[in-house]
Amino acid sequence: MKPTVNGSFHNRVNNDNEGLEEIGLLNTGLVFNNNYDNWRFHRKFYTKVMMSPSLIKQSVIVVRNSFMEMEKYWNDLGEDTIIEFNHWMKRYFFDTIFIISTNNRAYALANYYNKVTKNGKLSLPESVLKESNTFIEAINVVAQSLQYFYILPRKVLYLPIIKRYTQYLKGRVYWVRNNVNNIIKSRREEISKTPIDQKLKSDILTMFLTVNTERDITERIADDIHDEPMSDKDVQRNFIELMGAGIDTSSNSLCFLVDFLENNPKAKQRMIEEIERVLGKDPNSSFTFEDLSKLEYVEAVIKESSRIRSVIPLVFKTNSVPEVVGSYRWSKNTYFGLNFGAIQKQKSFWKDPEKFNPDRFMDNPDSKSKVYMFGGGLRICPGRNLAMMGLKATLVMLYRKYDIELLGPLKEHIGMLRTCDELKVKLRKRKNVNI
0 MKPTVNGSFH
10 NRVNNDNEGL
20 EEIGLLNTGL
30 VFNNNYDNWR
40 FHRKFYTKVM
50 MSPSLIKQSV
60 IVVRNSFMEM
70 EKYWNDLGED
80 TIIEFNHWMK
90 RYFFDTIFII
100 STNNRAYALA
110 NYYNKVTKNG
120 KLSLPESVLK
130 ESNTFIEAIN
140 VVAQSLQYFY
150 ILPRKVLYLP
160 IIKRYTQYLK
170 GRVYWVRNNV
180 NNIIKSRREE
190 ISKTPIDQKL
200 KSDILTMFLT
210 VNTERDITER
220 IADDIHDEPM
230 SDKDVQRNFI
240 ELMGAGIDTS
250 SNSLCFLVDF
260 LENNPKAKQR
270 MIEEIERVLG
280 KDPNSSFTFE
290 DLSKLEYVEA
300 VIKESSRIRS
310 VIPLVFKTNS
320 VPEVVGSYRW
330 SKNTYFGLNF
340 GAIQKQKSFW
350 KDPEKFNPDR
360 FMDNPDSKSK
370 VYMFGGGLRI
380 CPGRNLAMMG
390 LKATLVMLYR
400 KYDIELLGPL
410 KEHIGMLRTC
420 DELKVKLRKR
430 KNVNI
């Protein structure tokens, strides 16, 4: 599969995909955008912003603050409380990404705490995002519905037997868009009321809205082709992609990591030893992005978990011209499935591929190139450094302080995403740790 734009496998979907067109996802944003010039502009923006060391360094503070907030709620609930870990991770990463994206709070963790606590409920200030729990559930439905609309043509979508379900999914898509439109409108008003000589907020949404304008805070991404501001539609689609991709991949990855570590105590202990060696034994001490970059075994644990349980196990590509693959000539617009879930457990590449063994990434550096945790080629995830930082930081804060007891097997299902449906745990403060 050629990774360059001059190759024929740049696109993930054909231009006649009726399902994605039905919900307005064809040729917008990044994921399903076949308009190369438009895709390149959005990609250039994401690369400049999401790969920026300054953004990632600032985001370390956001991640730490969100974890400390979640930790406070866990302490209030008590050690005997059954923690539905997958639900907490969804809210935790939602709050984190929302703050990084908008510089505003969504209070998803606080709202979830109010839902599950038997103690007094928190009084929360008004947020730019109304109904955070509903938003999370809706954006999760939108993410899961991609497979449905990706596969089914329009005439099938409206067959009597599934018409009502199609309308339900479309309703959730439009509900999310309306809420995002309100967020965009609110930020535009805020920008317009900010004096021209006053510095604007430095967050991703403000960058979306000011790019190629007189208030541009991205140091301009204009070129000979792209010198226009982003439309509200483009901002909306990009914002939803950012939220959906970041929340689901990170929250599910963290659940799989905890499950692997608790079932592999030697790997867990070695990880804790590295954390304490690099960051010290004080579980409350702060850390920087540079500190996290030194945690090689923690990164190996993350990669090994992703190798065995790929969150995105299958990626499709289409060829724009006839191609020869596997000694067969394929007509253009043929779909090719890249089964990362199988590739990463191929016995010809991996010794004992079903075994959880992070050491394989420490002993053999070349192994790192065979894990497609963030995809590859031109369409590799532009938020990969931010995502890796978030996973590392969360593992550090979690295992510095807590012993985790699994209360049953992890439950999952696989669609376009591998999703953790249930992971119940009990959290107890580690012995001999001063918290």
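Everything in the sequence shown is counted per numbering that gives the first Met the number 0, starting at 0 for the first residue and increasing by one. For each residue, glycine too, the CB sits at the ideal point set by N, CA and C. Note that this is a predicted model, so its numbers are computed, not measured.
Please state whether DSSP places Leu54 in a helix, a strand or coil.
-> Correct three-state label for Leu54: helix.
Collapsed DSSP secondary structure at Asp402 in the structure displayed = Reduced to three states, the DSSP call for Asp402 is strand.
Between which two residues does the beta strand (DSSP E) containing Gly336 stretch?
-> First-last of the beta strand (DSSP E) with Gly336: 334 to 338.
Distance, Ile22 Cα to Thr3 Cα = With a pLDDT of 48 at Thr3, under the threshold of 50, the modelled position of this residue cannot be trusted; read the value that follows with caution. C-alpha separation (whole angstroms): 29 Å.
In the DSSP assignment, find the unbroken beta strand (DSSP E) run with Trp87 in it and report its ends.
-> Looking at the DSSP string, Trp87 is not in any beta strand (DSSP E); the run it does join, the alpha helix (DSSP H), is 84 to 101.
Any idea which residues DSSP pairs Ile413 with across the strands?
-> Assignment of beta-bridge partners to Ile413 by DSSP yields Arg417.
Just reading off the alpha helix (DSSP H) that Val48 is part of, what are its end residues?
-> Counting along the chain, the alpha helix (DSSP H) containing Val48 begins and ends at 35 to 49.
Rounded C-alpha distance that separates Ser100 from Thr205 | Computed Cα separation, rounded: 8 Å.
Indicate whether the contact test is met: 3 or more Cβ pairs, each with one atom in the region 400 to 415 and one in the region 42 to 55, closer than 8 Å.
-> With a cut-off of 8 Å, the region 42 to 55 and the region 400 to 415 do not count as touching, because too few Cβ pairs lie within range.
Nearest-angstrom beta carbon gap, Leu256 and Ile301 [assumed within contact, 8 Å] | For Ile301 against Leu256, the beta-carbon gap comes to about 7 Å, under 8 Å, which counts as contact.
Cβ pair count under 8 Å reaching 3, the region 311 to 320 against the region 412 to 420 | Yes, since at least three Cβ pairs between the region 311 to 320 and the region 412 to 420 fall closer than 8 Å, the two stretches touch.
If we count the other Cβ atoms within 10 Å of its Cβ and call it buried at 16 or more, is Met242 buried or exposed?
-> By the neighbour-count criterion, in which a residue is buried when 16 or more other Cβ atoms sit within 10 angstroms of its Cβ, Met242 is buried.
Assign Leu123 to buried or exposed, taking buried as 16 or more other Cβ atoms, counted over all protein chains shown, within 10 Å of its Cβ.
-> So Leu123 ends up on the exposed side.
By how many angstroms is the C-alpha of Glu273 removed from the C-alpha of Phe8?
-> Phe8 and Glu273: Cα-Cα distance of roughly 41 Å.
Flag this pair as yes or no: are the beta carbons of Leu29 and Arg42 separated by less than 8 Å?
-> Yes. Within cutoff.
Contact under 8 Å by Cβ, Gly389 with Val62 | Yes, they are a contact pair.
From Tyr444 to Glu70, what does the alpha carbon distance come to, in whole angstroms?
-> In this structure the chain extends from 0 to 434, so residue 444 is not present and cannot be described.
Applying the criterion that 16 or more other CB atoms from any shown protein chain within 10 Å of the CB defines a buried residue, is Pro408 buried or exposed?
-> The residue is exposed, with fewer than 16 neighbouring Cβ atoms inside 10 Å.
Please go through the same chain and pick out, in chain order, the residues whose beta-carbon is closer than 8 Å to the beta-carbon of Gly18, but skip the five residues on each side of it.
-> Hits under 8 Å: Tyr147, Phe148, Tyr149, Ile150, Leu151, Pro152, Arg153, Leu156.
Tell whether a beta-carbon distance below 8 Å holds between Arg383 and Gln343.
-> Not closer than 8 Å, so no.
Could you tell me which of Ile160, Asn33, Ile98, Tyr35 sits nearest to Ser65, measuring between CA atoms?
-> Of the listed residues, the one whose Cα sits closest to Ser65 is Ile98.
Take Met387 and list the residues in its own chain whose beta-carbon comes closer than 8 Å to its own, dropping the five residues that flank it on each side.
-> Excluding positions up to five away in sequence, the list reads Glu298, Ile301.
If you drop the 5 nearest sequence neighbours on each side, which residues of the same chain put their C-beta closer than 8 Å to that of Asp79?
-> Excluding residues within five positions, the ones whose Cβ falls inside 8 Å are Lys425.
Who are the Cβ neighbours of Asn103 in its own chain at under 8 Å, not counting the five residues just before and after it?
-> For Asn103, where only same-chain residues beyond five positions count, the Cβ hits under 8 Å are Phe97, Ser126, Val127, Leu128.
Nearest CA to the CA of Ser292: which residue from Val115, Ile161, Ala392, Leu108?
-> For Ser292, the nearest C-alpha among the options comes from Ala392.
Take Ala266 and list the residues in its own chain whose beta-carbon comes closer than 6 Å to its own, dropping the five residues that flank it on each side.
-> So the list reads Pro357, once near-sequence residues are dropped.
Member of Arg214, Leu253, Lys117 whose CA lies at the smallest distance from the CA of Arg417 = It is Leu253 whose Cα lies nearest to the Cα of Arg417.
Do you know whose CA, among Ala109, Val323, Ser144, Leu76, lies nearest Leu168's CA?
-> Looking from the CA of Leu168, the closest CA among Ala109, Val323, Ser144, Leu76 belongs to Ser144.
Pick from Tyr35, Val277, Asn110, Tyr45 that is closest to Glu289, judged by C-alpha positions | Measuring from the Cα of Glu289, the nearest candidate turns out to be Val277.
Report the three-state DSSP secondary structure of Arg429 (helix, strand or coil).
-> Here Arg429 carries a coil assignment [DSSP, helix/strand/coil].
Output the distance between the C-alpha atoms of Arg429 and Ser285, rounded to the nearest integer angstrom.
-> For Arg429 and Ser285, the distance between alpha carbons rounds to 18 Å.
Return the CA-CA distance between Val175 and Ser319, expressed in angstroms with no decimal places.
-> In a straight line, the C-alpha of Val175 is about 32 Å away from that of Ser319.
Between the region 230 to 248 and the region 178 to 185, do three or more beta carbon pairs fall short of 8 Å?
-> Taking 8 Å as the limit for Cβ pairs, the verdict is that the region 178 to 185 does touch the region 230 to 248.
For Lys1, which of helix, strand or coil comes out of DSSP?
-> A caution first: Lys1 carries a pLDDT of 42, below 50, which makes its placement in the model too unreliable to give a value.
Out of curiosity, what's the CA-to-CA distance linking Thr95 and Lys423?
-> Taking the straight line from one Cα to the other gives about 22 Å.
Leaving aside the five residues before and after Arg214 along the sequence, list all residues of the same chain whose C-beta is less than 7 Å from its C-beta, in chain order.
-> Once the five neighbours on either side are set aside, the close Cβ partners of Arg214 are Ile190, Leu199.
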